[in-house]
Amino acid sequence: MTTETTNALLQSLSSELAGLVEQIAPTVVRVDDGTRLTATGTLWSAEGVVVTTSHGVERDEDLAIELADGSRHVATLIGRDHDTDLAVLKVDATGLPAIALAGPTDAKPGQFALALGRPGTHGLEVTLGLLNARIETQSGGNPEYILHTDATFYPGFSGGPLVDMRGRLIGLCNLNYGRGRSVALGTPTVAHVVEAIVARGRVQRGYLGIRTQAVTLPESVRARLELQQAYALMLVGIEENGPADRGSLMLGDTLLGIDDRTVADVNDLRRYLRSKAAGTQVQVHLLRGGELLHLAVTLGAEPTE
Amino acid sequence: MIDVLIVAPYSSVRAGLRTLLAESADCRVVGEIGGSSDLARILPKTPDAVVICDYTPVDGPEVVATVGERGGSLVVLGDGEAGYRELAGGDLAGWAYLRKEADGDEIAGAVRAVAAGLVVLDRLLAPAFCPPLPFAPMLAEESLLPDETLTPREREVIQLMAQGLPNKNIAARLSISLHTVKFHVASILAKLNANSRTEAVTQGARRGLVTL
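Protein chains in written order, with the working numbering: chain Y, 1 to 305; chain H, 1001 to 1212.
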């Protein structure tokens, strides 16, 4: 390859990238929650739905969105999902440029990825990297994954899009997930959560009607019952006539797992319940009086009143 | 119906306990006596009675021993470690150790529990006396001090926060003002030592404050 061809290739790559950024830039907005550090948001629909990270929106009221053209719009918080750290905002505008979504099979390790953000008041910032890893987080019938990239996420990038070389959203940037690493939540999960929040103001998940506290499993119990997990959840509250109550769970039972999942932390439980709809029957694995017990429980819906 | 025998050196204390127990339909006071000497005489006549003892360092150990000899059940109202040690080392079928300030519901609850052969420890005394639990709380710093527990209203608010609802919707759901919701949210964050709503929800769920 001659030097001229190499230069031409590089120039072409460079201008392609710049063109791509220009194309996506209008979908990347600044989220102003009144705090010093602003966050980034991604325009989800032409009707003014904006998705961002929940941790980037510290306040519930007095929120504003700044579009790429500098125009400022009052925004309303529609809802949050703490499990995925997403927040959905709405601005009163139409005809906005919404981001295109990549499909579940479009995010492959090794491909290029661009991360875009509007931190602070400097306007758009862009970084480029490889998609380093795709980590499947749960099945639950739907493809769910998080993405690792070496495109750097700077403070304020949370809520911005991670896009492929066709300008489609493959994930939503989140600085909190990776503790320093650049991690993005895969588009299918983002879509699922945004659609649920727009439709109902919240994400519906399977409901057991229990309150739990993490406990350490004694070594003797683990050895006797051949348990791998060191922690489990003790039931410290059971809603009267709730799903768990109807399934004969009792106060003081220690929850070890549901179906084929180990439950060692309340987040394991929350994540699993998120993937299950009301009406689903689950198998609950318990420790009661030092013995293993398996009960079938039909999940309910979270009470709305 | 559970028969109850009151042992207390002062008649005013005996009268107070009788009044408190009168509010419980399933407890019947069958005798009131001043100390262990009378107890040894009366106890054989009411073998199934739960004894409630206003503990004194002088006569208390003797009361515990007397009830223990007959394998009976005992509720002790005490304030020091000595009474607890006597009970824990004794030979009782069921026993309870409550603060002297325990209210009627607590005493009646303890009577029912010890009648069923259970051991009851006042929740305010438990941290001081309780032996390490087989299921120890995972992280000591994650357990709440009694004065840091959430109020019933705060529990309602954190439950709705867990669903991801904005303040405005929480206010509508609970029929309270937005200002009040903000006040509750700030209080919840402070009590759970959380910097964000997400952190508060996670902490709340870990501490058994959020129903899943």
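For each residue, glycine too, the CB sits at the ideal point set by N, CA and C.
Exercise for the section: Pull up the distance between the alpha-carbon of Asp-1147 (chain H) and that of Leu-1192 (chain H), whole angstroms please. Expected result: Residue numbering aside, residue 1147 (chain H) sits at position 147 when the second sequence is read from its first letter. Residue numbering aside, residue 1192 (chain H) sits at position 192 when the second sequence is read from its first letter. Low confidence applies to Asp-1147 (chain H): its pLDDT is 44, below 50, so where it sits in the model is not reliable, and the reading given next is rough at best. Their Cα atoms are separated by approximately 12 Å.
Exercise for the section: Specify whether the region 189-206 of chain Y and the region 74-91 of chain Y touch according to this definition: at least 3 beta carbon pairs, one from each stretch, less than 8 Å apart. Expected result: Contact annotation: the region 189-206 of chain Y touches the region 74-91 of chain Y, with at least three C-beta pairs closer than 8 Å.
Practice task
Specify the secondary structure class of Leu-208 (chain Y) as computed by DSSP and reduced to three states.
Solution key: As a working mapping, residue 208 (chain Y) is identified with position 208 in the first sequence. Coil at Leu-208 (chain Y), not helix or strand.
Exercise for the section: Can you tell me which of the three DSSP states Asn-1169 (chain H) falls into? Expected result: Here residue 1169 (chain H) is taken as the residue at index 169 of the second sequence, counted from 1. Residue state, collapsed to three classes: helix.
Handout entry: Residue range of the unbroken alpha helix (DSSP H) whose run includes Gln-11 (chain Y)
Key = Sequence index remark: in the first sequence, residue 11 (chain Y) carries index 11 (1-based). Annotation for Gln-11 (chain Y): the continuous alpha helix (DSSP H) segment containing it runs 3-24.
Problem - Own chain, CB closer than 8 Å to Glu-1154 (chain H), minus 5 neighbours either side, in chain order - result: The residue labelled residue 1154 (chain H) in the question sits at position 154 within the second sequence. Excluding sequence positions up to five before and after Glu-1154 (chain H), its CB lies within less than 8 Å of the CB of His-1184, Ser-1187, Ile-1188 and Lys-1191, all in the same chain and listed in chain order.
Exercise for the section: Report yes or no: do the region 1012-1028 of chain H and the region 1098-1117 of chain H share at least 3 C-beta pairs separated by less than 8 Å? Expected result: Contact between the region 1012-1028 of chain H and the region 1098-1117 of chain H is present: three or more C-beta pairs spanning the two stretches fall below 8 Å.
Handout entry: chain Y within 8 Å of Arg-1028 (chain H), Cβ atoms only
Key = Taking the first residue of the second sequence as 1, we reach residue 1028 (chain H) at position 28. Not one chain Y Cβ lies under 8 Å of Arg-1028 (chain H).
Handout entry: Residue-chain proximity (Arg-1112 (chain H), chain Y), Cβ-Cβ < 8 Å
Key = For the purposes of this step, residue 1112 (chain H) is identified with residue 112 of the second sequence, where counting begins at 1. Taking Cβ atoms only, chain Y never reaches closer than 8 Å to Arg-1112 (chain H), which makes this a no.
Problem - Against chain H: residues of the region 188-205 of chain Y by CB proximity under 8 Å - result: Ile-197, Gly-201, Arg-202 and Val-203
Practice task
Would you check if the distance between the CB atom of Leu-100 (chain Y) and the CB atom of Leu-43 (chain Y) is smaller than 8 Å?
Solution key: If you number the first sequence from 1, residue 100 (chain Y) lands on position 100. If you number the first sequence from 1, residue 43 (chain Y) lands on position 43. Position check: residue 100 (chain Y) holds Ala in this sequence, whereas Leu was assumed. Taking 8 Å as the Cβ cut-off, Ala-100 (chain Y) and Leu-43 (chain Y) do not qualify as a contacting pair.
Problem - Cβ of Leu-114 (chain Y) within 8 Å of any chain H Cβ - result: For the purposes of this step, residue 114 (chain Y) is identified with residue 114 of the first sequence, where counting begins at 1. By this cut-off, Leu-114 (chain Y) is not an interface position.
Exercise for the section: Quick one: grab the DSSP three-state call for Phe-153 (chain Y). Expected result: For the purposes of this step, residue 153 (chain Y) is taken as the residue at position 153 of the first sequence. Note: Phe-153 (chain Y) maps to coil in three-state DSSP.
Problem - beta-carbon Val-266 (chain Y) near the ligand SAH non-hydrogen atom, thresh 7 Å - result: The ligand SAH is not part of this structure, which contains no ligands at all.
Exercise for the section: Determine the chain H residues that contact Val-21 (chain Y) at a beta-carbon separation under 9 Å, and present them in chain order. Expected result: Translated into the one-based positions of the first sequence, residue 21 (chain Y) becomes position 21. Those do not exist, as Val-21 (chain Y) stays about 31 Å from chain H at its closest Cβ, beyond 9 Å.
Practice task
Select from the region 75-109 of chain Y all residues with a C-beta closer than 7 Å to any C-beta belonging to chain H, and list them in chain order.
Solution key: Leu-77, Gly-79, Arg-80, Asp-81, His-82 and Asp-85
Handout entry: Anticipated Cβ contact below 8 Å, Leu-185 (chain Y) with Ile-170 (chain Y), distance rounded
Key = Here residue 185 (chain Y) is taken as the residue at index 185 of the first sequence, counted from 1. Here residue 170 (chain Y) is taken as the residue at index 170 of the first sequence, counted from 1. Going by Cβ atoms, the distance from Leu-185 (chain Y) to Ile-170 (chain Y) rounds to 10 Å, so no, they are not a contact pair.
Handout entry: Burial state of His-228 (chain Y) (16 or more Cβ within 10 Å)
Key = Translated into positions along the first sequence, residue 228 (chain Y) becomes position 228. The identity of residue 228 (chain Y) in the sequence shown is Gln, whereas the question assumes His. Looking at its Cβ environment, which holds fewer than 16 other Cβ atoms inside 10 Å, Gln-228 (chain Y) is exposed.
Exercise for the section: Express the C-alpha separation of Asp-245 (chain Y) and Leu-67 (chain Y) in angstroms, rounding to a whole number. Expected result: Taking the first residue of the first sequence as position 1, residue 67 (chain Y) is located at position 67. Taking the first residue of the first sequence as position 1, residue 245 (chain Y) is located at position 245. Leu-67 (chain Y) and Asp-245 (chain Y): Cα-Cα distance of roughly 50 Å.
Handout entry: Neighbour list for Ala-1171 (chain H) in chain Y, Cβ cutoff strictly below 8 Å
Key = By one-based count along the second sequence, residue 1171 (chain H) stands at place 171. By Cβ distance, chain Y contributes nothing, its closest Cβ being about 10 Å from Ala-1171 (chain H), past 8 Å.
Handout entry: Contact check, Gly-1072 (chain H) vs Ala-1093 (chain H), beta carbons under 8 Å
Key = Numbered from its first residue, the second sequence carries residue 1072 (chain H) at position 72. Numbered from its first residue, the second sequence carries residue 1093 (chain H) at position 93. For Gly-1072 (chain H) and Ala-1093 (chain H), yes; Cβs fall inside 8 Å.
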